[in-house]
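J.: Sharing a structure below in structure tokens format, with a few things to ask.
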Amino acid sequence: MKKTITLTIVSIKEFVRNWRSIILLLILPLLLIGSFFISFSAEGLQELPVGVITNSNIELNEIKSRLSEVLVTKEFNNLDECLFELKQYKQYACIEIIRNINFGYDLNLHYDNTKPLVIWGVVNHIKTTVDYIKKEKTKEIATKVLEQAEDAPTYINIIESELNSLDRNFDDYSSKLDSSIYNMNNLKLNQQSYYSSSVDNLNALDEYANYLVSSGVQPYSQYGYEIKAKSSLLRNNLNTQNNDINSLNSGNLADVKDSLRNNENLLNEMRSNINSLRYYINEINKIDPEAIADPIQLKFNPTYLPEINPETLEKYKTNGSSIDTLIKGETLLTFQVIFPKILLLIVMFISLLTSSFICLSYLESPAINRINTIKKMFVPSFLAVFISSFLIIIIPIICVIILGNYLFLLPFFKKILIVLLLIFISISIYVLIGMGLSYLIKKKSLTLIVSVFLLIFLLFFSGFILPIERMGRIPAKIALNFPGNIASDALNKSVFYDQPLSSLNSAILILGLILILILMVVLVIKYFRDKKID
Amino acid sequence: MENLYLEVSNVATSYKNFSMKNVNFSLKSGQIMGLIGHSGSGKSTLVKTLVGLKKLDKGQINFYIDNIPAVLNNYLGYSPQENSLFPYLTLKENIIAFGKLKGLSKSYINERMNLLLKKLKLDYAQNKKIVELSGGMAKRADLIITLLDDPKVIILDEPFAGLDFSLIKFIWNTIGSLAGEGKIIIVSSHFLPDIQKHCTTLGFVYGGNLYDTKQLIYIMKQKKLFSLEDLFERI
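Here the protein sequences come in this chain order: Y and L. Everything in the first sequence is counted per the working numbering, starting at 1020 for the first residue and increasing by one. Everything in the second sequence is counted per the working numbering, starting at 86 for the first residue and increasing by one.
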């Protein structure tokens, strides 16, 4: 243990006193990763040029103003001009707007699919813009239609009142008809008795006239003939009148009354239809135009929202700063959710490079010839490099953790045990990998080149550049089992979703096994390389 | 004074395509062996084999103190050809570090440090980093580390490379005084006149073999050579 401590102190002193190593291995990676980190825009794609072509007299301002939030639009006279610029990588896409025969628009989008990482963001933004405008237009039309429907109840009320009045008229007509039928029937009855009486009187008159005629006394006989003629005329008139009256059929009136009743029933039916219509019109008036334009709405509910430290909140309030961006923080939230991954990437970079450097500094140290003459130095030399690497690496990592806790409001300190455990295992793994490379290759320049390639490989499979979900099945399976990704998932679960240590057991176990495996491999490499001392 | 005896018998060693075989010699207390040979003849390979940096393919290296077998490595002081100290540590820090690595106590380290710093005239430079020392000072510093645990067998591989005359003389004086204390010293060097002058016995490495003093004299007589320089020129 004494030898280990002595060599560890020597390694640390050698590292710290060499200002080049501090700059190259600590400050430079932090600066690089910091600038890499800062270069990400939380707002996504910004100011990408897109061409817009239209020959029709189409109002473009709405499309342009919506697209201009992210894209820079440029108008072209024709498609060829725009495509020319696209193929020179001056435009990302060309949108050709054509009016179609159905009074709508066709938007032909010509996009540069040689830029797959970016172009889908552009296409998505254009699609979102078009969908938004479509929705707004539909809403506009729906609003106009619904406005028309607002007057409908008034007309329905008018119709209803007219119906009511018609109904009342029908009642009136019905009662008048009843009265007419009654009068007619009475008339017929009275007429019958009147006729009978008239016929009797006429018969009596005829009888008198016959008497006068039969008397043969002039002028009375003549009077008798005139009376008989007049009586005959009167009888005819009376018979005609009687026939006319008898021919009067109250049944027709009854039919009319029945028709009136039927019409009244129809009126009631109409009334009930109008009530149904009124009900539907009311329901239509309750409809929001938005619901017609956008019947299926997708609402986004992120499961993770950052808690705000009350003191920090107070500080921002006192400063008068807007805390909206801090809380929901599109900016803060975006950086927050990638911060643990960034932390582990920093761990990977710094651990690998620093341990390689320290190990190679030890192996290439002038003192190595002397050290190799001292017995029982295998374990102390190994441990000294490991511990000194670890101690040098942990300082910037702790700084990043403090930054994450206080500036990005991630609960690292609340979960300090889990965070430190995961960081410790991650650092150890990458330190051992760096040491393994150094023992294997033994040349500084070559080892650092190989380390860089290894870092690029690990960075790619970390899922930071290309999400693991977009990889092929086998590469994805491999990537998922990389220590960085296992540690990243475990850290995210703990920090964002407050998962306890017990739920991270499998991840920690796997990481532990990976650590042990790499340790064995590195020890074997060191053993065989130590045997072949130059 | 202890009676020291170092015996190397039938040692064979190899490195890449080069090999040495049948290396035989023995040394007693107070003897200084000068190891000479052309560049690439295998002197450093032999030295590294003696100190344990290279494995013996064959043979034995035996060491006795007052006729009692002892482990050579426990009593060995080795100064490699290149300066072998931690460059960014001070001389004092190097002394303490190597003392601890060799398992020496703190008090013993301090005692030896003060003694050797004075002997090799580096007291004023103890707080300077090795990178800040001149070539001569660095070589003397290296010697201090070599002599820190008071070794009984001291092997110096090309100790005079890049040094001026006065420093070379100083080191030979130091070697002489160490031999006077009864230590066994093996010096490998290209400085033939000094080797001839200061060494009590020679080892000529040539063609994968080591020729001791007797064999060397015989060869020189055979070839009618009168000096080591003649030997080097003719062979």
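Quick reminder that beta carbons are idealized off the backbone N, C-alpha and C, glycines included.
What residues in the region 1031-1043 of chain Y bring their beta carbon closer than 7 Å to a beta carbon of chain C?
T.: In the structure shown, chain C does not exist; the protein chains are Y and L.
J.: Compare the C-beta of Y/S1384 with all C-beta atoms of chain L and state if any pair is closer than 9 Å.
T.: Chain L, which has a Cβ nearer than 9 Å to the Cβ of Y/S1384, makes this yes.
J.: Over what stretch of residues does the beta strand (DSSP E) that includes Y/L1128 continue unbroken?
T.: Looking at the DSSP string, the run of the beta strand (DSSP E) that includes Y/L1128 is 1124-1130.
J.: Suppose only complete runs of 4+ residues qualify. What are the alpha helix (DSSP H) ranges in the region 201-263 of chain L, listed by chain order?
T.: For the region 201-263 of chain L, whole alpha helix (DSSP H) runs of length 4 or above, ordered along the chain, are 220-232.
J.: Please list, in chain order, all residues of the same chain as Y/R1548 whose beta carbon is under 8 Å from its beta carbon, the five residues on each side excluded.
T.: Within the same chain, Y/R1548 has close Cβ partners Y1458, L1459, K1461.
J.: Return the chain-ordered list of same chain residues with a C-beta closer than 8 Å to the C-beta of Y/I1175, the five sequence neighbours on each side being excluded.
T.: Contacts found: I1293, L1296, R1297, I1300.
J.: Report the three-state DSSP secondary structure of Y/A1386 (helix, strand or coil).
T.: Coil at Y/A1386, not helix or strand.
J.: Counting only C-beta atoms, is Y/M1020 closer than 9 Å to chain L at any point?
T.: No, no contact with chain L.
J.: Quick one: is Y/R1548 near chain L, going by C-beta distance under 9 Å?
T.: It does not; no Cβ of chain L falls within 9 Å.
J.: Check for me: the alpha helix (DSSP H) holding Y/F1418 runs from which residue to which?
T.: A quick correction: the sequence has Cys, not Phe, at residue 1418 of chain Y. 1397-1425 is the extent of the alpha helix (DSSP H) around Y/C1418.
J.: Can you say whether Y/R1085 is buried or exposed, counting buried as having 16 or more other CB atoms within 10 angstroms of its CB?
T.: By the 10 Å Cβ count, Y/R1085 comes out buried.
J.: Measuring alpha carbon to alpha carbon, tell me which residue in Y/L1267, Y/L1372, Y/I1475, Y/N1132 is nearest Y/Y972.
T.: With chain Y covering 1020 to 1553 only, the question about residue 972 of chain Y has no answer from this structure.
J.: Across the region 190-210 of chain L and the region 269-276 of chain L, are there enough close Cβ pairs to call them in contact, namely three or more that are closer than 8 Å?
T.: The region 190-210 of chain L, when compared against the region 269-276 of chain L, does not touch it at the 8 Å Cβ threshold.
J.: Could you name the residues of the same chain whose beta carbon sits closer than 8 Å to that of L/F171, not counting the 5 residues immediately before and after it, in chain order?
T.: Here the set comprises E178, N179, A182, I215.
J.: Can you find at least 3 beta carbon pairs, one from the region 99-115 of chain L and one from the region 1519-1533 of chain Y, that sit closer than 8 Å?
T.: The answer is no - the region 1519-1533 of chain Y does not touch the region 99-115 of chain L, with fewer than three Cβ pairs under 8 Å.
J.: Residues bridged to Y/E1094 by DSSP?
T.: In DSSP, Y/E1094 forms a bridge with Y/V1071.
J.: Whole angstroms are fine: how far does the CA of Y/F1472 sit from the CA of Y/N1037?
T.: Their Cα atoms are separated by approximately 25 Å.
J.: Taking 9 Å as the CB-CB limit, is L/S126 close to chain Y?
T.: No - not a single Cβ of chain Y is within 9 Å of the one on L/S126.
J.: Distance check for Y/T1157 and Y/A1171, CA to CA, integer angstroms please.
T.: The straight-line gap from Cα to Cα measures roughly 21 Å.
J.: Are the beta-carbon atoms of Y/S1481 and Y/L1364 separated by less than 9 Å?
T.: In this structure, Y/L1364 lies closer than 9 Å to Y/S1481 by Cβ.
J.: With a threshold of 9 Å between beta carbons, is Y/L1045 in contact with chain L?
T.: Output row for Y/L1045: interface = no.
J.: Please state whether the Cβ-Cβ distance between Y/I1369 and Y/L1090 is less than 9 Å.
T.: No, Cβ-Cβ distance for Y/I1369 and Y/L1090 is not below 9 Å.
J.: Give the DSSP bridge partners of L/G265, in chain order.
T.: In DSSP, L/G265 forms no bridge with anything.
J.: Can you round the beta-carbon distance between Y/G1070 and Y/Q1110 to whole angstroms, since I take them to be within the 8 Å contact cut?
T.: Between Y/Q1110 and Y/G1070 the Cβ distance is about 5 Å, and since that is below 8 Å, they are a contact.
J.: Of all Cβ atoms in chain L, is any one closer than 9 Å to the Cβ of Y/I1393?
T.: Closer than 9 Å to some Cβ of chain L, the Cβ of Y/I1393 qualifies, so yes.
J.: When DSSP builds the beta bridges, which residues end up paired with L/G162?
T.: The partner list for L/G162 (beta bridge, DSSP) reads L/I239.
J.: Just to make sure I have the definition right: I need the residues of chain L whose C-beta is within less than 7 Å of the C-beta of Y/V1029. Which are they?
T.: Simply F171, L174, A182.
J.: If the criterion is Cβ atoms closer than 9 Å, does the pair L/L337 and L/P236 meet it?
T.: Since the first residue shown for chain L is 86 and the last is 320, residue 337 of chain L is missing from the structure and cannot be characterised.
J.: Taking buried to mean at least 16 other C-beta atoms within 10 Å of its own C-beta, is L/R225 buried or exposed?
T.: Buried, since its Cβ has 16 or more Cβ neighbours within 10 Å.
J.: Compare the C-beta of L/K224 against all C-beta atoms of chain Y and say whether one is closer than 9 Å.
T.: With 9 Å as the cut-off, L/K224 does not count as an interface residue toward chain Y.
J.: Is it buried or exposed for Y/N1222, if we count other Cβ within 10 angstroms and need 16 for buried?
T.: So Y/N1222 counts as exposed.
J.: Roughly how many angstroms lie between the CA atoms of Y/I1342 and Y/F1515, to the nearest whole one?
T.: Confidence is the limiting factor: at Y/I1342 the pLDDT is only 45, short of 50, which leaves the residue's position unreliable, though a coordinate-based value still follows. Cα-Cα distance, rounded: 20 Å.
J.: Determine the contact status of L/L131 and L/V290, defining contact as a CB-CB distance below 9 Å.
T.: Taking 9 Å as the Cβ cut-off, L/L131 and L/V290 qualify as a contacting pair.
J.: Whole angstroms is fine: what's the gap from L/N109's alpha carbon to L/L91's?
T.: One C-alpha to the other measures close to 11 Å.
J.: Less than 8 Å between the CB of Y/I1417 and some heavy atom of the ligand ADP, yes or no?
T.: The ligand ADP is absent from the structure shown, which contains no ligand whatsoever.
J.: Whether or not the region 1110-1129 of chain Y and the region 1143-1161 of chain Y are in contact is what I'm after, with contact meaning three or more pairs of Cβ atoms, one per stretch, closer than 8 Å; do they touch?
T.: Yes: the two stretches touch, three or more of their Cβ pairs being nearer than 8 Å.
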